[in-house]
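Chains as they are written, first to last, in UniProt numbering: chain A, 1 to 465; chain B, 1 to 465. Contents: one structure, followed by commentary.
As structure tokens, then:
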């Protein structure tokens, strides 16, 4: 096909194209005309903003046809780029030739008007063409890349931990079963139970809830590693913050303690924010104006200030002292609820807060026991508007302490033979955390529902597209 | 913890540390000593090579203890970096202080000797500590990053297409079912069938075999997009080239035809090769010496030459003319087998070859019908040593032609309502391809078995770790 120029390029290097002929392609966002001339907003997806095409009865031979070009039709436009210093947009294209490369039926659902986010979810295959979702999904892409860049620049090894897993290693909630057995009539053993030895993997398998344990094996070889992949929770919770399929980033670092862990997490969050402000200024301006007023100031503020760091015990004291009445009463030992987390980060500190050293009873078996024998070296990061965005810990590297803890919890050592091996052979101090990818997207865009930052969200009773 | 310097840094910027005191941490790879002095190869995972530590009876206070430090033990070493121009390694560390940070049991399975790849698969949690797998998994990480960089630098949007899917859209082979129903005693409808409306997603769901159809929805919004995620095939094939869980990259580009598609794929492969040669010279040297002699020459060659491009019809003619006897006889219309593909790329062209325009009968429904009505605008990339590494096509953007083709194949339009919508609303020419991530890793490392380029491979009857 004849080479065209992307609209992003015209915006970023306008000088190089001013008063020159350019060839562009894109889709009609709006089209209005009189009988003498018309204006088309053309968007090619390469850039948040559209380009204004001016076409005239005297300028193109198929004026009448173009004047009827519907929204969503695809055009090729050849014309001259002209600066428009007095207008809203910095330049426009005076068309010499306009060709319709693809039409659009009149029942196109994304006509020029405000649509509810709920309606747009039902047309998830078209919503990236709207301003809001064009911005959301470009930012999502940029944040993903920023994360890779952040870790790769520091020589971290990206590891693809498995999605199919043979055991509920983390014990982190309900899992989805994977099977190729005939559900109607599965093979059974002599005692009538389902014979999973005949299943595809020769045993019961599920979708992973976390790649952490496998990531630890790599951290104890490469020192600095991270995962970035999909994870799954079969929890029947229909909230604005939970999805059944979501992406997670799990860095794991050997020769590191809890402070190193928090330093890394804080640097990562700041890097991400800096990256999107730098690389998606138009999208961030849009969120700031139409989705979450004050967003850019808030994010800018975060880059230049230290995150707060308090212990769980201090957090409980602060909540008790606040005099605020919570739905779930506060006392030492409880798992902090969203209302508590948000109060800490939004009302008390008004910025991101690490809460550390939680009671061992409410945390996972692999977290390192503190010397008080009551708390573990965990660190959760709470941020305003979203709540918990990161959960992390120093891992229990002491074989005997880990075995004792597993016994307390009824976990069988043999199910974790390879995980225990890591404690036998050079099992140094190490730490890591999990970042919920959709949570950070919500945080940097101001979008309030996880369904609106996932391309095709999977939630209870929903797996469309 | 007291800050140390990574061994990579010592190798890359030796000048800055020569004759200075440094603090490093790492794991013992070898340790040999007399009663006066000893040598430890210390590796911290940050770099392919280890550092030689020299420790002396007179130099450190715990000489006897360190002399017994076993393989895999973790050490902290403080000492002076001394250049060693006559030795194999460019420098060594003269130890002043050595602390054992973690011991290692004597039954450590990775003792200093040659191990078979098969044995190492059984200890997949430890094999990244071996030279071979240290090299494989760092290269894997770098190739992943190179792919992101390649696309992001060209303004492609990274899209996470869903893993859980409600239908076998591509019809590309057997799929894994996902369920939360009680397998022993599933709910049934009145007529005795399993009641999937009570399953987690309210219907039958599976693990995705491809994100292409969803990626097309994004390409027709953002123009240039790519996926990079896990995909699954429940095929019971135990070969060196197939895994049940593998990663795939699927770029999709609007306003593009088959030639644009091949240009993009060729540029991507060259970019990847260039990136690993540049960023993993030690690892590539290792593969070249111990895994696949001539690898670096071959890869260097590929960067500087055009890929061949022939039609399927030409490929069949060449195979017939070759006089070679194949296990599967060649005639126009057959699906090319691995033996044919490898003959074309390894014997005839001795370089990567795109084969285009396959008979429609052996290709997927969404590929664009050529004017001959017999072939479709497909392009597969074959490479020496691996065979097919990329499968791509221009997509059928013409609504009526697509509907007719789906009817021929017995596909129901209503199952693809959203995919058909793309043809109704600005459905321009577009094209894309899928790159098997493990295949490219095998190609650039020379590793012969897909199980040895996946961190924790999943294959029939195998889902360990």
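Just so you know, even glycine gets a beta-carbon here, dropped at the ideal spot from N, CA and C.
Just to make sure I have the definition right: I need the residues of chain B whose C-beta is within less than 8 Å of the C-beta of residue i. Which are they?
{"i": "residue 136 of chain A", "result": "What residue 136 of chain A touches in chain B: nothing, since even the nearest Cβ is about 11 Å away."}
{"i": "residue 436 of chain A", "result": "Per Cβ cutoff of 8 Å: no residues; residue 436 of chain A is ~13 Å from chain B at best."}
{"i": "residue 194 of chain A", "result": "183 and 184"}
{"i": "residue 218 of chain A", "result": "128, 137 and 455"}
{"i": "residue 105 of chain A", "result": "424 and 425"}
So which residues of chain B does residue i contact, with C-beta pairs closer than 7 Å?
{"i": "residue 27 of chain A", "result": "426"}
{"i": "residue 148 of chain A", "result": "145 and 148"}
{"i": "residue 152 of chain A", "result": "145"}
{"i": "residue 464 of chain A", "result": "166"}
For residue i, which residues does DSSP report across the bridge?
{"i": "residue 27 of chain B", "result": "B:43 and B:74"}
{"i": "residue 177 of chain B", "result": "A:179 and B:206"}
{"i": "residue 251 of chain A", "result": "A:226"}
{"i": "residue 164 of chain A", "result": "A:207"}
{"i": "residue 82 of chain A", "result": "A:92"}
{"i": "residue 369 of chain A", "result": "A:376"}
{"i": "residue 462 of chain A", "result": "A:459"}
{"i": "residue 393 of chain B", "result": "B:378 and B:432"}
{"i": "residue 387 of chain A", "result": "A:383"}
Below 8 Å on the Cβ atoms is my guess for residue i versus residue j; work out the distance and round it to an integer in Å.
{"i": "residue 37 of chain B", "j": "residue 11 of chain B", "result": "Contact doesn't hold; Cβ gap of about 23 Å is too wide."}
{"i": "residue 231 of chain B", "j": "residue 125 of chain A", "result": "That belief does not hold up - the Cβ atoms of residue 231 of chain B and residue 125 of chain A are roughly 20 Å apart, past 8 Å."}
{"i": "residue 76 of chain A", "j": "residue 117 of chain A", "result": "33 Å between Cβ atoms; not a contact."}
{"i": "residue 72 of chain B", "j": "residue 108 of chain B", "result": "5 Å"}
{"i": "residue 242 of chain B", "j": "residue 250 of chain B", "result": "About 18 Å; that fails the 8 Å criterion."}
{"i": "residue 434 of chain B", "j": "residue 210 of chain B", "result": "7 Å"}
{"i": "residue 195 of chain B", "j": "residue 180 of chain B", "result": "About 13 Å; that fails the 8 Å criterion."}
{"i": "residue 254 of chain B", "j": "residue 219 of chain B", "result": "5 Å"}
{"i": "residue 327 of chain B", "j": "residue 368 of chain B", "result": "So it is not a contact: roughly 32 Å between Cβ atoms."}
Interface residues of chain A around residue i at Cβ under 7 Å?
{"i": "residue 253 of chain B", "result": "Going along chain A, no residue has its Cβ under 7 Å from residue 253 of chain B, so there is no contact; the nearest lies around 10 Å."}
{"i": "residue 366 of chain B", "result": "None at all; the shortest Cβ gap to chain A is about 15 Å."}
{"i": "residue 8 of chain B", "result": "155"}
{"i": "residue 160 of chain B", "result": "247 and 455"}
{"i": "residue 461 of chain B", "result": "201 and 202"}
Starting from the Cα of residue i, find the closest Cα among the options and give me that residue.
{"i": "residue 342 of chain A", "options": "A:28, A:384, A:443 and A:404", "result": "A:384"}
{"i": "residue 446 of chain B", "options": "B:156, B:298 and B:242", "result": "B:298"}
{"i": "residue 55 of chain B", "options": "B:257, B:44, B:49 and B:69", "result": "B:69"}
{"i": "residue 436 of chain B", "options": "B:39, B:144, B:32 and B:8", "result": "B:144"}
{"i": "residue 408 of chain B", "options": "B:393, B:397 and B:365", "result": "B:365"}
{"i": "residue 444 of chain B", "options": "B:183, B:113, B:142 and B:244", "result": "B:142"}
{"i": "residue 355 of chain A", "options": "A:321, A:390 and A:330", "result": "A:390"}
{"i": "residue 8 of chain A", "options": "A:397, A:138, A:120 and A:312", "result": "A:138"}
{"i": "residue 292 of chain A", "options": "A:330, A:386, A:325 and A:395", "result": "A:386"}
{"i": "residue 59 of chain A", "options": "A:80, A:367 and A:52", "result": "A:80"}
{"i": "residue 451 of chain A", "options": "A:32, A:240 and A:327", "result": "A:240"}
{"i": "residue 487 of chain A", "options": "B:393, B:418 and B:277", "result": "Because chain A spans 1 through 465 in this model, residue 487 of chain A falls outside it and cannot be assessed."}
{"i": "residue 401 of chain B", "options": "B:393, B:373, B:388 and B:392", "result": "B:373"}
{"i": "residue 85 of chain A", "options": "A:346, A:323, A:14 and A:106", "result": "A:14"}
{"i": "residue 19 of chain B", "options": "B:347, B:34 and B:90", "result": "B:90"}
{"i": "residue 313 of chain A", "options": "A:336, A:326, A:323 and A:307", "result": "A:336"}
{"i": "residue 111 of chain B", "options": "B:31, B:220, B:268 and B:326", "result": "B:31"}
For residue i, which residues in chain B fall below 9 Å Cβ to Cβ?
{"i": "residue 224 of chain A", "result": "6, 45 and 46"}
{"i": "residue 88 of chain A", "result": "Residues of chain B passing the Cβ test: none, with the nearest at roughly 23 Å."}
{"i": "residue 422 of chain A", "result": "125 and 126"}
{"i": "residue 207 of chain A", "result": "163, 164, 178 and 207"}
{"i": "residue 260 of chain A", "result": "1"}
Just to make sure I have the definition right: I need the residues of chain A whose C-beta is within less than 9 Å of the C-beta of residue i. Which are they?
{"i": "residue 177 of chain B", "result": "177, 178, 179, 180, 181 and 183"}
{"i": "residue 73 of chain B", "result": "425 and 426"}
Please list, in chain order, the chain A residues whose beta carbon lies closer than 8 Å to that of residue i.
{"i": "residue 101 of chain B", "result": "255, 428 and 429"}
{"i": "residue 356 of chain B", "result": "Here the premise fails: no neighbours, minimum Cβ distance about 16 Å."}
**Message:** With a threshold of 8 Å, are at least 3 pairs of Cβ atoms found where one atom belongs to the region 422 to 436 of chain A and the other to the region 79 to 94 of chain A?
**Reply:** Flag = no, the region 422 to 436 of chain A and the region 79 to 94 of chain A do not touch.
The region 448 to 459 of chain A in contact with the region 147 to 163 of chain B per 3-pair CB rule at 8 Å
Yes, since at least three Cβ pairs between the region 448 to 459 of chain A and the region 147 to 163 of chain B fall closer than 8 Å, the two stretches touch.
Any chance the region 301 to 311 of chain B sits against the region 284 to 292 of chain B, with 3 or more Cβ pairs inside 8 Å?
-> The region 301 to 311 of chain B, when compared against the region 284 to 292 of chain B, does not touch it at the 8 Å Cβ threshold.
- prompt: At a cut of 8 Å, does the region 413 to 421 of chain B reach the region 219 to 231 of chain B through at least three beta carbon pairs?
  reply: No: the two stretches stay apart, fewer than three of their Cβ pairs being nearer than 8 Å.
Is the number of C-beta pairs between the region 255 to 264 of chain B and the region 366 to 383 of chain B that are closer than 8 Å three or more?
Taking 8 Å as the limit for Cβ pairs, the verdict is that the region 366 to 383 of chain B does touch the region 255 to 264 of chain B.
State whether the region 145 to 152 of chain A contacts the region 193 to 208 of chain A, with contact taken as three or more CB pairs (one from each stretch) at a distance under 8 Å.
No contact exists between the region 145 to 152 of chain A and the region 193 to 208 of chain A.
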